[in-house]
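Protein chains: 2
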Amino acid sequence: MDVKIGARTWYPSASEKYYAKCLKKDRDSTSALLGFRISGLQVHHESGRWKPHRDKVRKYTVTDVRQSLRQFISKNPDETPPDCALASSVYGGSNGILAQLLELKSWFEDQTLFHFYSASLLIAYDKGAKAPRLKLIDFAHVMEGEGIIDHNFLGGLCSLIKCMSEILSDAETAAGPTDPQVLETAADLEAAAGPAEPKVVVGPTENGIH
Amino acid sequence: MDVKIGARTWYPSASEKYYAKCLKKDRDSTSALLGFRISGLQVHHESGRWKPHRDKVRKYTVTDVRQSLRQFISKNPDETPPDCALASSVYGGSNGILAQLLELKSWFEDQTLFHFYSASLLIAYDKGAKAPRLKLIDFAHVMEGEGIIDHNFLGGLCSLIKCMSEILSDAETAAGPTDPQVLETAADLEAAAGPAEPKVVVGPTENGIH
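Dropping the structure here:
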């Protein structure tokens with residue numbers, strides 16, 4: 006899943022033409038409302054692959070985005086409702102996506118070197134036991150931060166964290182108290198981790214830029 | 006001091022005219038760059054009152070805003086450099102403005118009921134021993150959050166926290182290790198507080214709206 010982070014994708018020094026183009030896309034998509042938008046996603050499950058068409062993803066509403074975040078970690082993504090069967094193993098846990106997002110959030114609360122306009126988070130997981138992966142990608146419009154935090158990226162990141170945390174809470178409620186798997190919300194994970202080190206999750210990307 | 010929080014002051018349902026007006030102001034001021042702008046400030050000090058003219062404040066650059074955040078807690082606001090003599094007693098400490106901003110931040114990371122467009126933080130302190138005060142004011146454009154966090158306000162708030170934290174760190178460095186006052190940065194305060202309760206700092210405002 007590719008999630009473009011930030012309510013605005015235009016950067017201060019952009020040309021008026023590029024600025025107007027970005028502004029329109031941000032308002033037409035969920036970016037302005039939700040602080041992020043889904044650019045694309047696919048799931049390989051037991052009976053095949055689920056991949057909504059690009060044109061459909063472009064028109065996603067806030068409700069569609071919330072639903073897609075659930076479908077992405079479901080064994081039956083094309084059914085209603087999706088089962089969210091992989092919520093705890095992909096989004097939850099100390100090595101899960103939510104924990105990695107919180108680590109990235111700590112970094113963004115402190116770092117003032119870079120502003121990431123129109124950058125994405127790539128979220129991926131395997132069938133096997135390996136931890137799910139979070140990568141910051143698409144660095145075509147990275148600007149110097151000039152001593153200011155990237156409040157645009159950070160705001161969108163917090164919004165994604167909130168959405169994902171809610172999915173985990175719902176899955177925990179649905180699983181009931183007897184379920185052996187311990188699901189963790191953002192607050193639980195932050196409390197357990199204590200004050201975060203400003204570590205960076207940024208890694209080599211598929212584009213080879215990092 | 007009145008600080009308007011958020012990189013954007015327009016709300017999704019605004020008319021095109023209002024939207025265009027806000028967008029221009031956000032780009033012309035420090036809002037888009039810094040995630041907040043100063044709307045006005047004054048300091049009563051021993052030898053009189055320091056109050057930059059409204060037209061001057063409107064044209065503040067990022068550098069001016071940083072400087073004003075220092076002047077606001079200085080005993081010599083109209084001298085260069087300002088002494089930041091009140092940094093620890095106004096911004097720092099467990100009841101200081103930074104601690105209150107961090108509490109407000111915890112609330113904004115969780116609450117999805119309201120979006121505060123064009124709202125301000127009023128920061129005030131007295132000569133006496135009373136704790137400095139932080140109030141959320143100007144609720145003319147509060148919209149329903151519809152389950153989404155106010156990532157626009159939150160991002161700007163984090164940017165203000167970072168700026169204030171840097172002033173405290175600088176004051177701490179300047180004071181040296183023998184200074185009896187313990188100044189605290191955002192990270193120290195968050196670590197000491199542990200996972201924050203979603204308490205709200207919102208209180209009665211000067212406009213009587215709350």
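In order, the protein sequence lines correspond to chains A and B.
Using this note's numbering, the letters of the first sequence correspond one by one to residues 6 to 215.
Using this note's numbering, the letters of the second sequence correspond one by one to residues 6 to 215.
Every residue, glycine too, gets a C-beta built ideally from N, C-alpha and C.
For residue 94 of chain B, there is no enclosing alpha helix (DSSP H), as DSSP marks it with neither H nor E.
Distance from the CA of residue 95 of chain A to the CA of residue 80 of chain A, rounded to the nearest whole angstrom, comes to 12 Å. At a Cβ-Cβ threshold of 8 Å, residue 89 of chain A and residue 192 of chain A do not count as neighbours. Note that the stretch 142-152 of chain B touches the stretch 107-124 of chain B; at least 3 beta-carbon pairs, one per stretch, sit closer than 8 Å. Looking at the DSSP output, residue 48 of chain A sits in a beta bridge with A:55. Counting only Cβ-Cβ distances below 7 Å, residue 17 of chain B has contacts in chain A at 37, 38, in chain order. The residue from B:112, B:38, B:120 with its alpha-carbon nearest to that of residue 16 of chain B is B:120. Within chain B, the C-beta atoms nearer than 7 Å to that of residue 164 of chain A come from 153, 154, 156, in chain order.
At a C-beta separation below 9 Å, residue 67 of chain B has these neighbours in chain A: 151, 152, 153. Between residue 61 of chain B and chain A, the shortest Cβ-Cβ separation is not below 8 Å. For residue 169 of chain B, the uninterrupted alpha helix (DSSP H) segment begins and ends at 156-180.
For the pair residue 47 of chain A and residue 129 of chain B, the Cα-to-Cα distance works out to about 52 Å.
A distance of 8 Å or more separates the beta carbons of residue 163 of chain B and residue 71 of chain B.
In this structure, residue 38 of chain A sits away from residue 113 of chain A, with a CB-CB distance that is not shorter than 8 Å.
For residue 11 of chain A, same chain residues with a beta-carbon under 6 Å away, outside a window of 5 residues either side, are 157, 158, 161 in chain order. Between residue 181 of chain A and chain B, the shortest Cβ-Cβ separation is not below 8 Å. Here residue 106 of chain B is near residue 139 of chain B, since their CB atoms are less than 8 Å apart. Only buried fits residue 155 of chain B, as 16 or more other CB atoms lie within 10 angstroms of its CB. The beta carbon of residue 50 of chain B is closer than 7 Å to those of 80, 82 in its chain, skipping five residues each way along the sequence. Here residue 36 of chain B has 12, 42 as same chain residues with Cβ atoms under 6 Å from its own Cβ, once five neighbours each way along the sequence are excluded. Beta-carbon to beta-carbon, residue 59 of chain B and residue 45 of chain B are separated by about 7 Å, close enough to satisfy the 8 Å threshold. Annotation: residue 21 of chain A to residue 84 of chain B spans about 40 Å, alpha carbon to alpha carbon. Counting of Cβ neighbours within 10 angstroms places residue 137 of chain B among the buried residues, the total reaching 16 or more. In the three-state reduction of the DSSP assignment, residue 20 of chain A falls in the coil class, being assigned neither a helical nor a strand state. Counting other Cβ atoms within 10 Å of its Cβ, residue 66 of chain B stays below 16 and is therefore classed as exposed. Within chain B, no C-beta atom comes less than 8 Å from the C-beta of residue 106 of chain A; the nearest is roughly 12 Å away. Bounds of the beta strand (DSSP E) holding residue 7 of chain B are 7-10. In the assembly as shown, residue 181 of chain A is an exposed residue. Its beta-carbon has fewer than 16 other beta-carbons within 10 Å. For residue 159 of chain A, at least one C-beta of chain B is nearer than 8 Å to its own C-beta. Per the DSSP secondary-structure output, residue 138 of chain B pairs in a beta bridge with B:129. Taking a Cβ-Cβ threshold of 9 Å, the residues of chain A close to residue 12 of chain B are 12, 13, 156, 157, 160, in chain order. Looking from the CA of residue 34 of chain A, the closest CA among A:56, A:9, A:57 belongs to A:9. DSSP places residue 144 of chain B in the coil class of the three-state scheme, outside both helix and strand.
Annotation: the continuous alpha helix (DSSP H) that includes residue 113 of chain A extends over 102-115.
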